[in-house]
Amino acid sequence: MAVPAMTATDGTLVRSTTVAPAAVAPATDPTVLPVAITGLGAYLPARTVDNDELSRTLDTSDAWIRTRTGIATRHVAAPEEATSDLALAAARAALADAGVDAADLRAIVVATCTPDHLLPATGPLVAAGLGVEVPAFDLNAACSGFVYGLRVAGALAATADGPVLLIGAEALTRIVDAGDRGTAILFGDGAAAVVLTAHAGAGLGPFDLGSDGSDPSMLWAAATGTRSPATPARLAAGEQYLTMRGGDVYRHAVTRMTASATAVLSAAGVTIDDVDLFVGHQANARILAGVAERLGLPAGRSHVTIDRHGNTSAASVPLALVDARDTGRLGPGDRVLVAAFGAGLTWGSTLLTWEGRRRE
Ligand SMILES: CC(C)(COP(=O)(O)OP(=O)(O)OC[C@H]1O[C@@H](n2cnc3c(N)ncnc32)[C@H](O)[C@@H]1OP(=O)(O)O)[C@@H](O)C(=O)NCCC(=O)NCCS
């Protein structure tokens, strides 16, 4: 398959034509890690922006946004807050929930596509905030980052003699063009974290993870890396901002999340009726409804937070898990099917069980 050449606004070629190998569909990863989720915690910035506020500066309306996306409001980081600040607050909440001292952590993984900087990574900044010097790094699989992170951080935890912290943290509003109604209405900021602990009786998995990088411009922030560095001309053209072909993304999201979740159920030898709660990536309420319908999910078993959070990318699944726990919809021992989809394209699904206590 030929990867197409693309031209930036300033006329330079940003991706040369190359011949990519034929795509091979990934096999489902049957691994079930002996790892328990023993703590959950979240942080949402204090400021919320509702659709009416957006409608004052954009040619949009509360009715359009609610009908097309399900979003009513979203949280927006304060000017002095960066992704590591959100991540650190979520980390502290998860550690407190698990009753774990930061000094006992063995590693920290931050799933994010909106790091504080290109380098250093956000992980070491969070570790420093917690006062520890453990291995700490970022994982970027965009909106699938948390599910990818469960595989990576879970594998670390499975063989560690102490807990591992996985955080999904994003400040998406920093990379959207506030004047673009096609994207500015969709995204929000936030972070949530889980404590992963080796536990012989627990099961995290199987996993279905995949990617298709043959058309990166479907959903990207073009001038943010080495392919087309952020020159003054590109910045003036707004190429540092997230852009997407919304309809294409929508169709891929429904198809990929459904197929991925189905593959996980099959690999686990269970049916959708065995799932207590479905937590999908919160990108659009219509996408979630479409996936739930195709999976044959019984009514009321999909947890939806997009109305209050918007799309928070790698933070969306763990934020929804915390919300489900806090609203009594997730109880100890419940089997949760998670599925995500994002830029890359990337997708991923797994089954998890939350072992912690129900919040009163
Ligand atoms: C972005 C998205 C909400 C758009 O919804 P949609 O139903 O596909 O709407 P369309 O893009 O077809 O646009 C329909 C019309 O609404 C207009 N429109 C777009 N954004 C609008 C807004 N915020 N307010 C009012 N009108 C808007 C369009 O210009 C278009 O007008 P036209 O018919 O006159 O051309 C939807 O495609 C989506 O959610 N895609 C997935 C995005 C996503 O999840 N991205 C992250 C993945 S992790």
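The sequence shown begins at 135 in the working numbering and counts up by one. Where is the CB? At the ideal position from N, CA and C, for every residue including glycine. From a predicted model like this one, the values you see are computed outputs, not experimental measurements.
Query: Closer than 6 Å: residue 384 CB and nearest ligand 1 heavy atom; Result: yes
Query: Residue 440 CB to nearest heavy atom of ligand 1 below 6 Å; Result: no
Query: Candidates 275, 265, 386 and 220: closest to residue 239 by CA position; Result: 265
Query: Own chain residues within Cβ distance below 6 Å of residue 449, not counting five before or after; Result: 302, 303, 304, 324, 325 and 326
Query: Helix, strand or coil at residue 151 according to DSSP, with G and I counted as helix; Result: With a pLDDT of 46 at residue 151, under the threshold of 50, the modelled position of that residue is not reliable, and no figure is offered here.
Query: Limits of the unbroken beta strand (DSSP E) element including residue 116; Result: In this structure the chain extends from 135 to 494, so residue 116 is not present and cannot be described.
Query: Segment contact, 8 Å Cβ cut-off, at least three pairs: the segment 277 to 286 with the segment 449 to 462; Result: yes
Query: From 485, 331 and 445, residue whose alpha carbon lies closest to that of residue 178; Result: 445
Query: Per-residue burial, residue 251 [other beta carbons within 10 Å of its own, 16 or more giving buried]; Result: exposed
Query: Residue 418 Cβ short of 6 Å to ligand 1 heavy atom set; Result: yes
Query: contact_flag[the segment 165 to 180, the segment 407 to 420] where n(CB pairs < 8 Å) is 3 or more; Result: no
Query: Rounded Cβ spacing between residue 167 and residue 289 (contact assumed at less than 8 Å); Result: 6 Å
Query: Residue interval of the alpha helix (DSSP H) (run including residue 304); Result: Element bounds for residue 304: not the alpha helix (DSSP H) but the beta strand (DSSP E), 298 to 305.
Query: C-alpha gap between residue 437 and residue 227, whole angstroms; Result: 21 Å
Query: Beta-carbon proximity check, residue 471 vs residue 485, cutoff 7 Å; Result: yes
Query: Residues sharing a beta bridge with residue 342, DSSP; Result: 483
Query: Sequence-distant residues of its chain with Cβ nearer than 7 Å to residue 236 (five each side left out); Result: 229, 264, 265 and 266
Query: Paired residues, beta bridge with residue 488 - DSSP; Result: 171
Query: Within 7 Å, strictly: CB atoms of residue 402 and residue 342; Result: no
Query: Buried or exposed (CB count within 10 angstroms, at least 16 for buried), residue 348; Result: exposed
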